[in-house]
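Participant: Numbering (my numbering), first residue to last: 1 to 446. Here a beta-carbon is modelled for each residue, glycine too, at the ideal position from N, C-alpha and C. Since this is a predicted model, take the numbers as computed values, not measurements. Once you've had a glance at the structure underneath, I'll fire off some questions.
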Ligand code: GUN
Ligand code: FE
């Protein structure tokens, strides 16, 4: 049981950015107990909840707390390729760089080392919840689950399925792909992780036949499992899907026919979805993972997030490493703004692009909605789990300069645009501090 005193910044459905100064937030059993102004009643509240003085953390001037970041789409297995192979289009990039690195995870030692490194990296960057693609290898994917569980991060993890249009060295037979997925789901259940859940992961319609996708759709629906896949990322891919599934009316219809679209489905990219397709996605309450760095780096295109919001579709942010070169959700926030500004330049003055408040919400509450976890995480609502970051704009090495006339909102905005892992002091998931230096910087008054 502990409490934090200082400035809290979070979002609600109504407000993209709420700033609460001089507030106290109490945590018990990993959950938010109370959040109230520091006034005369505070001592009573602390006593009521048996929180003693030595368990109160006081944030320093300019420090503030935000909800942990949610990465709705990240290929843990592509981490060795971050910053490599840039300039290639999606389909050739997959063949040249991606499938070869993913095939290496058949080696459990390589898998253990690589997965440990990527998990440590994204936690340092403030990702408290992630939705991971692993590889087709079941044992290596289970190893990823163990590593995530051991690190204390909250996650969905998927064993990838691919049974067509894939190289001989990285491909499964349909039956084997389905049976291995069942083994993966059962084994995850056996291991009784607290915060790690399985995610059904047909890579995309290009590499999955309809029979396999239907079996996976059935499996997900029967056991209420999450599903993740890619959709409408590039024009070439969309044409290929049309050719491969001539009986389907659209790319979205392929997944609809397979029974893969539910409230627990995360669709990465969605750049070239038609209005009709967005209607289907809305009706199924599936969410979209916007991966702006990847969309620019492999030159897939620009997702119009505002249009998705107008159609009432939930949109969160994804790093999509290594299509995107950065493992940081702060980078995704900035690239989402650049993408939106580019659309505004194309469309003219009537278009209002996303601002820093919008992307802050997408990185937290928005991501939680896409993962169907917004009843558990995403903001500082009482009763939700305490997934949070302590931000220090003046941390050692910080690129942020704070000036006397800066307001709290100015400094939050500076953090969105200039912040990095040096500004993220502590990373809490379900009330547990995962950072390597617990409470070194914030003041603890005993
Ligand atoms: N579509 C199918 N597989 C992938 C992948 O690994 N990365 C990206 N960005 N798109 C994909
Ligand atoms: Fe991806």
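Would DSSP call residue 438 helix, strand or coil?
Facilitator: The residue labelled residue 438 in the question sits at position 438 within the chain shown. Below a pLDDT of 50, predicted positions are generally treated as unreliable, and residue 438, at 49, falls in that range; the measurement from the model is reported next regardless. Coil.
Participant: Have a look at 82, 2 and 68 and flag the residue whose alpha-carbon is nearest the alpha-carbon of residue 54.
Facilitator: The sequence position of residue 54 within the chain shown is 54, counting from 1. Just measuring C-alpha positions, the residue of 82, 2 and 68 sitting nearest residue 54 is 2.
Participant: With a 10 Å radius around its C-beta and 16 neighbouring C-beta atoms as the bar for buried, classify residue 50 as buried or exposed.
Facilitator: Walking along the chain shown from the start, residue 50 turns up at place 50. Counting Cβ neighbours within 10 Å, residue 50 comes out exposed, since fewer than 16 surround it.
Participant: Could you tell me whether any non-hydrogen atom of the ligand FE is closer than 7 Å to the CB of residue 344?
Facilitator: Position 344 of the chain shown, counted from the first residue, corresponds to residue 344. Because no heavy atom of the ligand FE lies under 7 Å away, the Cβ of residue 344 does not count as near it: no.
Participant: Under a criterion of Cβ closer than 6 Å to any non-hydrogen atom of the ligand GUN, which residues qualify, in chain order?
Facilitator: Qualifying residues, in the order they occur: 75, 90, 94, 98, 203, 204, 230, 233, 294, 320 and 323.
Participant: Measuring from the CB of residue 226, is there a heavy atom of the ligand FE at a distance below 7 Å?
Facilitator: The residue you call residue 226 lines up with position 226 of the chain shown. No, since every heavy atom of the ligand FE falls outside the 7 Å radius drawn around the Cβ of residue 226.
Participant: Spatial neighbours of residue 284 within its chain, please: CB distance less than 8 Å, with the 5 preceding and 5 following residues excluded, ordered by chain position.
Facilitator: As a working mapping, residue 284 is identified with position 284 in the chain shown. Within the same chain, residue 284 has close Cβ partners 256, 261, 262, 263 and 265.
Participant: Residue 268: beta carbon under 7 Å from a heavy atom of the ligand FE?
Facilitator: Indexing the chain shown from 1 puts residue 268 at position 268. Indeed, a heavy atom of the ligand FE lies less than 7 Å from the Cβ.
Participant: What does the Cβ neighbour count give for residue 71, buried or exposed, with the cut at 16 atoms within 10 Å?
Facilitator: Locating residue 71 in the chain shown gives position 71, where the first residue counts as 1. It counts as buried.
Participant: What residue from 406, 7, 357 and 28 has the CA that sits closest to residue 19's CA?
Facilitator: Residue mapping note: residue 19 aligns to position 19 of the chain shown, counting from 1. Comparing Cα-Cα distances from residue 19 to each of 406, 7, 357 and 28, the minimum goes to 7.
Participant: Using the Cα positions of residue 433 and residue 248, report the straight-line distance between them to the nearest angstrom.
Facilitator: As a first step, residue 433 is located in the chain shown; it is residue number 433 there, counting from the start. As a first step, residue 248 is located in the chain shown; it is residue number 248 there, counting from the start. Residue 433 and residue 248 have their alpha carbons spaced roughly 48 Å apart.
Participant: Ordered along the chain, which non-local residues of its own chain (more than five positions away) have a Cβ less than 8 Å from that of residue 23?
Facilitator: As a working note, residue 23 is residue 23 in the chain shown. The answer, listed in chain order, is 5, 6, 7, 8, 35, 36, 37 and 38.
Participant: In the DSSP assignment, the alpha helix (DSSP H) including residue 17 goes from what residue to what residue?
Facilitator: For the purposes of this step, residue 17 is taken as the residue at position 17 of the chain shown. That residue, residue 17, is in no alpha helix (DSSP H); it is neither H nor E in DSSP.
Participant: Going by the DSSP bridge assignment, what does residue 158 pair with across the sheet?
Facilitator: On the chain shown, residue 158 is found 158 positions in, with the first residue counted as 1. The partner list for residue 158 (beta bridge, DSSP) reads 133.
Participant: So within the stretch 358 to 418, which uninterrupted alpha helix (DSSP H) runs reach at least 4 residues, ignoring any that extend past its ends?
Facilitator: Runs of the alpha helix (DSSP H) inside the stretch 358 to 418: 367 to 370 and 408 to 418.
Participant: Using the C-alpha atoms, what's the distance from residue 404 back to residue 271?
Facilitator: Locating residue 271 in the chain shown gives position 271, where the first residue counts as 1. Locating residue 404 in the chain shown gives position 404, where the first residue counts as 1. Cα-Cα distance, rounded: 42 Å.
Participant: Should residue 23 be counted as a contact of the ligand FE given a C-beta to heavy atom distance under 7 Å?
Facilitator: Translated into positions along the chain shown, residue 23 becomes position 23. Result no, Cβ not under 7 Å from the ligand FE.
Participant: Please name the residue in 401, 349, 331 and 398 whose C-alpha comes closest to that of residue 127.
Facilitator: Residue 127 sits at position 127 when you count from the first residue of the chain shown. The residue with the shortest Cα to Cα distance from residue 127 is 331.
Participant: Please determine, among 312, 134, 188 and 302, the residue with the shortest C-alpha to C-alpha distance to residue 229.
Facilitator: As a position in the chain shown, residue 229 is number 229, starting the count at 1. Here the closest residue by C-alpha is 134.
Participant: If we cut at 8 Å on Cβ distances, does residue 393 have a partner in chain D?
Facilitator: The displayed structure is made up of one protein chain only, and chain D is not part of it.
Participant: May I ask you to list the residues that DSSP assigns as paired with residue 95?
Facilitator: Stepping through the chain shown from its first residue, residue 95 is reached at position 95. Residue 95 pairs with nothing; no bridge assigned.
Participant: Is any non-hydrogen atom of the ligand FE found closer than 7 Å to the C-beta of residue 223, if you look at the structure I gave you?
Facilitator: As a first step, residue 223 must be located in the chain shown, where it is residue number 223. No - the ligand FE has no heavy atom lying nearer than 7 Å to the Cβ of residue 223.
Participant: Cα separation between residue 344 and residue 145?
Facilitator: Reading the chain shown from its first residue, position 344 is the one you call residue 344. Reading the chain shown from its first residue, position 145 is the one you call residue 145. Each residue's alpha carbon lies about 41 Å from the other.
Participant: Taking the beta carbon of residue 380 as the centre, do at least 16 other beta carbons fall within 10 Å, making it buried, or is it exposed?
Facilitator: By 1-based counting over the chain shown, the position of residue 380 is 380. Buried, because 16 or more other Cβ atoms sit within 10 Å of the Cβ of residue 380.
Participant: With DSSP as the reference, identify every bridge partner of residue 10, one or two as the case may be.
Facilitator: For the purposes of this step, residue 10 is identified with residue 10 of the chain shown, where counting begins at 1. Residue pairing of residue 10 in beta bridges, as defined by DSSP: 18.
Participant: Opposite residue 143 in the DSSP bridges: which residues?
Facilitator: Numbered from 1 along the chain shown, position 143 holds the residue referred to as residue 143. None, per the DSSP bridge assignment.
Participant: Quick check on the DSSP output: the alpha helix (DSSP H) that includes residue 87 runs from which residue to which?
Facilitator: Your numbering for residue 87 matches position 87 in the chain shown. First-last for residue 87: undefined, no H or E at that position.
Participant: I'd like the list of long-range same chain contacts for residue 16, defined as Cβ closer than 6 Å, with 5 residues on each side in sequence excluded.
Facilitator: Residue 16 sits at position 16 when you count from the first residue of the chain shown. The residues 357, 358 and 361, in chain order, have a CB closer than 6 Å to that of residue 16 in the same chain once the five nearest residues on each side in sequence are set aside.
Participant: Pull up the distance between the alpha-carbon of residue 401 and that of residue 62, whole angstroms please.
Facilitator: Mapped onto the chain shown, residue 401 falls at position 401. Mapped onto the chain shown, residue 62 falls at position 62. Cα to Cα, residue 401 sits roughly 11 Å from residue 62.
Participant: Quick check on the burial criterion: 16 or more other C-beta atoms within 10 angstroms. Buried or exposed for residue 407?
Facilitator: Indexing the chain shown from 1 puts residue 407 at position 407. Around the Cβ of residue 407, a 10 Å sphere holds fewer than 16 other Cβ atoms; the residue is exposed.
Participant: Say whether the stretch 331 to 340 touches the stretch 366 to 386, bearing in mind that this needs 3 or more beta-carbon pairs closer than 8 Å, one atom from each stretch.
Facilitator: no
Participant: Whose C-beta lies closer than 6 Å to the C-beta of residue 438 among residues of the same chain, with five residues either side of it excluded?
Facilitator: Looking up residue 438 in the chain shown gives position 438. In this prediction, residue 438 has a pLDDT of 49, which is less than 50 and means its spatial position is unreliable; what the coordinates show is noted afterwards. Closer than 6 Å at the Cβ level, and outside the excluded window around residue 438, lies no residue.
Participant: Measuring CB to CB, does residue 112 end up less than 8 Å from residue 154?
Facilitator: Stepping through the chain shown from its first residue, residue 112 is reached at position 112. Stepping through the chain shown from its first residue, residue 154 is reached at position 154. No, Cβ-Cβ distance for residue 112 and residue 154 is not below 8 Å.
Participant: Going by the C-beta, is residue 73 closer than 7 Å to any heavy atom of the ligand FE?
Facilitator: Stepping through the chain shown from its first residue, residue 73 is reached at position 73. Flag set: Cβ of residue 73 near the ligand FE.
Participant: Looking at C-alpha atoms only, which residue of 395, 291 and 354 is the closest neighbour of residue 74?
Facilitator: Taking the chain shown and counting its residues from 1, the one referred to as residue 74 is at position 74. Answer by Cα proximity: 291.
Participant: Taking the Cβ atom as the reference point for each residue, do residue 151 and residue 119 lie within a distance shorter than 8 Å?
Facilitator: The residue labelled residue 151 in the question sits at position 151 within the chain shown. The residue labelled residue 119 in the question sits at position 119 within the chain shown. In this structure, residue 119 lies closer than 8 Å to residue 151 by Cβ.
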